[in-house]
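In this note's numbering, the protein residues as written are 1 to 283. Ideal placement from N, C-alpha and C gives every residue a C-beta, glycine not left out. Report on the following structure.
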Amino acid sequence: MLIKRLIPFILFILCNCLMACSESIKSSSAADNVQILPFQFVITGLDKQRTVRLYLPPSYRSSEKSYPVVYMHDGQNLFDNLTSDRKEWQVDESLNALAKSKQFEVIVVAIDHGGEARMNELSPWENKRFGAAQGKEYMDFIVDVVKVYVDNNFRTKPERLYTAIMGAGMGGLISHYALLAYPEVFSKAGIFSPAYWYSPDVFAYSQFKKAKLDSRFYVVYGDAEGDGMIVDTDKMYRQLKSQGHPRDNMKFRRVTDAEPGEKFWKAEFSDAVTWLFQQQPSF
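Here's what the structure looks like:
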């Protein structure tokens, strides 16, 4: 009798446990044409190792074509809800859709961030609050290690005119720096919600190390990101303009009511990447 009375209670507990388990289990959302490269890459200047993820266009396996390449930061957050800190950018879904609708195809090389060291790795300039700058070592790693490996093992168009770099927040800051510091490597930068606040040196460096005239800046931010974001981004636009950078190679886009985060960046990604690679005048 006691067992019969306990059966409903036991079933209730089991059902709740099963529901809780199913809610906590996350499944991978990465597309089939996303892969993790088979070993950890060593950042020699920082004595660290890093995972690198790779998106290959839908036609890659069935063609002999070579493709432009976009290097992106915060790789955990770009393709897969299983690895993302919050939500993913859905870069793979967006690019698969562009391949189908516009025959636009690029390779994406995504470098995972360094967790607690992310702020330091994604800035070439020291910040009194966050500490030493490691951005130069991080970018040297991308240029001298990751890019060399990718160009040697996949069908890329390695020239600068076919190579872009893109990121958000601190990733936007280091992408801005990369376009100026490595003009022989990158000709395009997608800069989302840029953390220009992190160091005023970004303005001095942009004045000293002027971008090549054919370099493309796609900068997008939301007016709900705060007055500092609006002021700093407008200051950068006016500075580049006053330095004579061609208007056709700059797009600074302010989005009404947009807040920083993967939802915003995902919505802007397709426009940014297609604008960066669209045909442009030569200088």
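Distance between residue j and residue i (C-alpha atoms, nearest Å)
i	j	result
D144	T44	10 Å
W265	D47	31 Å
M229	S123	17 Å
A211	S242	13 Å
D32	R254	34 Å
K209	R216	15 Å
A132	Q49	19 Å
G169	E268	14 Å
N81	V42	25 Å
A30	E64	24 Å
R238	K251	12 Å
E105	E259	28 Å
Y177	S28	33 Å
F186	D214	11 Å
M166	F39	23 Å
N96	D257	28 Å
L276	R160	12 Å
N152	S59	19 Å
S94	E225	24 Å
I36	F154	14 Å
T233	R61	41 Å
S101	D223	30 Å
Any chain C beta carbon closer than 8 Å to residue i
i	result
V146	This model lacks chain C altogether; it includes just one protein chain.
Collapsed DSSP secondary structure at residue i in the structure displayed
i	result
T256	coil
Y221	strand
R155	coil
R160	helix
N77	helix
Y196	helix
G171	helix
R61	helix
F41	strand
Q55	According to the sequence shown, residue 55 is Tyr rather than Gln. It is a strand residue.
Q239	helix
G131	strand
Whether residue i touches residue j by CB criterion (8 Å)
i	j	result
V231	I191	no
P57	A110	no
V146	V52	yes
D112	Q76	yes
F107	Y149	According to the sequence shown, residue 107 is Ile rather than Phe. Taking 8 Å as the Cβ cut-off, I107 and Y149 do not qualify as a contacting pair.
Q134	E116	no
K157	F203	no
L180	Y205	yes
K188	A164	yes
V69	Y162	yes
Cutoff 6 Å; reference residue i; Cβ partners in own chain excluding five residues on either side
i	result
V34	Y55, F79 and D92
N249	R216
K87	E262
G114	E121
F130	M119
D201	W125
D74	H113 and G171
Cβ neighbours of residue i in the same chain (closer than 8 Å, five flanking residues each side left out)
i	result
D140	G45
P183	R160, A211, K212 and S215
Close Cβ partners of residue i (< 7 Å) along its chain, the five nearest in sequence each way excluded
i	result
T83	Q76
I142	Y71 and I111
D271	none
D85	Q76 and N77
N127	Y198 and S199
Problem set entry | Touching by the beta-carbon criterion (3+ pairs, under 8 Å), the stretch 189-204 and the stretch 172-181 | yes
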